[in-house]
Ligand SMILES: Nc1ncnc2c1ncn2[C@@H]1O[C@H](COP(=O)(O)OP(=O)(O)OP(=O)(O)O)[C@@H](O)[C@H]1O
Ligand SMILES: [Mg+2]
C-alpha cells in the first residue's frame, strides 16, 4: 500500500538580493514525483544544496510547495486546514534531525515523554512507555541524564525514541548520522532500521553516506531539483 505520493512537486524560495534589493526566485525543486510505500525505508541522496531537506520538510508538513501535490494515504495535503496540518505533524510524523534538537534543560526521560504529555496521555503509562523504548534503544540507564551528559550516538537514540513515542506511521530523518563517527552512526542506523521494521514504520532518510544508504530498502538520487533512479 502507498503511504505518500508526490506529484510534479515544485518549490521556489523568494530571496531578496542584498545588493539590488530586488526579490529573486530560486527554484529548488523542479519536478519531483515519487511514491513511497508503507513500511519501506527510502533513502534520498544528493549533493549539498540540492533540496533534500526542502523535500523532507514538505513531506512533513513544515513547508508548503509552490506547485504540485502531496497525497498522504490518498488524501491531498493542500486540502488540509491549519488544524488538520498540525494534527498531521503531531500524530503522523516523527522527525529526526542531524543535531538531535533535544531540549537541553530537560532530562532524557522528560525529552522523550514530552510528545505523550502534549497528547494528554496518562503519566504512569507514559513513563513505562518511555522506559520500554529506552531499553530498545539501549539508553535505559541514561533517562535521568541531561542531553549534554550523553554521547552524540546516545543523544540521537534518545531523539529517535522521542520521534517514535506517539507511534507515528512515518519517520522523517534528515542526516541522522551526520554528526556521528562511523561506529556510532552504524549503531544508530541499526537500531533505527530495527525499530522501523519491528514497529512497521515508513522511513524516509536523507544522507550523504553511501554506507548509511545501504541500510535502506530503496535509494533515490536528487540532482538539479529532480529525482533520478
Ligand atoms: N528558507 C530558505 N530561503 C531561501 N532559500 C533557501 C531556504 N531554505 C533553503 N534554501 C535554499 O534551497 C537550496 C536547497 O536547500 P536544502 O536545505 O533543501 O538542501 P539540502 O539538499 O538539504 O542540502 P544539505 O545536504 O547541505 O543539507 C539551497 O540552495 C538553499 O540555499
Ligand atoms: Mg539538508
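Numbering (our numbering), first residue to last: 250 to 478. All C-beta atoms, glycine included, are put in the ideal place defined by N, C-alpha and C.
Is residue i helix, strand or coil when you go by DSSP?
i, result
"residue 250", "coil"
"residue 475", "strand"
"residue 362", "helix"
"residue 467", "strand"
"residue 419", "strand"
"residue 270", "coil"
"residue 275", "strand"
"residue 414", "coil"
"residue 388", "coil"
"residue 428", "coil"
"residue 263", "strand"
"residue 439", "helix"
"residue 283", "strand"
"residue 444", "helix"
Figure out for me which residue from the options has the closest Cα to the Cα of residue i.
i, options, result
"residue 266", "401, 461 and 274", "274"
"residue 415", "366, 425 and 427", "366"
"residue 381", "413, 319, 276 and 402", "413"
"residue 336", "310, 319 and 323", "310"
"residue 383", "420, 346, 410 and 360", "410"
"residue 457", "301, 387 and 328", "301"
"residue 454", "402, 290, 253 and 252", "290"
"residue 260", "271, 296, 303 and 270", "303"
"residue 425", "371, 347, 450 and 358", "347"
"residue 475", "269, 272, 283 and 440", "283"
"residue 321", "254, 440, 473 and 370", "254"
"residue 473", "330, 268 and 299", "299"
Output the distance between the C-alpha atoms of residue i and residue j, rounded to the nearest integer angstrom.
i, j, result
"residue 389", "residue 316", "45 Å"
"residue 256", "residue 308", "12 Å"
"residue 434", "residue 376", "27 Å"
"residue 351", "residue 477", "34 Å"
"residue 344", "residue 422", "6 Å"
"residue 399", "residue 391", "8 Å"
"residue 460", "residue 419", "22 Å"
"residue 353", "residue 397", "7 Å"
"residue 537", "residue 430", "The question about residue 537 has no answer, for the chain in this structure spans 250 to 478."
"residue 251", "residue 342", "16 Å"
"residue 264", "residue 296", "21 Å"
"residue 359", "residue 386", "16 Å"
"residue 339", "residue 417", "8 Å"
"residue 326", "residue 332", "12 Å"
"residue 319", "residue 270", "33 Å"
"residue 439", "residue 268", "48 Å"
"residue 368", "residue 334", "16 Å"
Kindly list the residues whose CB is nearer than 7 Å to the CB of residue i, restricted to its own chain and excluding five residues on each side of it in sequence; keep chain order.
i, result
"residue 468", "292, 294 and 462"
"residue 262", "275 and 277"
"residue 329", "337"
"residue 442", "290 and 464"
Leaving out the 5 sequence neighbours to the left and right, which residues in its chain are closer than 6 Å to residue i when beta-carbon positions are compared?
i, result
"residue 258", "278, 281, 314 and 317"
"residue 362", "375 and 379"
"residue 452", "290, 420 and 445"
"residue 312", "306"
"residue 287", "250, 252 and 451"
"residue 285", "252, 253 and 291"
Give me, in chain order, the residues of the same chain whose beta-carbon lies closer than 8 Å to that of residue i; leave out the 5 immediate sequence neighbours on both sides.
i, result
"residue 356", "392, 393, 394 and 395"
"residue 437", "402, 405, 406, 409, 425, 426 and 429"
"residue 466", "289, 290 and 291"
Check whether the Cβ of residue i sits closer than 6 Å to any heavy atom of ligand 3, and report yes or no.
i, result
"residue 259", "Absence of ligand 3 is noted for the structure shown, with ligand 1 and ligand 2 being the only ligands found."
Could you give the uninterrupted runs of the beta strand (DSSP E) lying entirely in the segment 296-380, keeping only those of 3 residues or more?
-> Listed in chain order, the complete beta strand (DSSP E) runs (minimum 3 residues) inside the segment 296-380 are 316-321 and 342-345.
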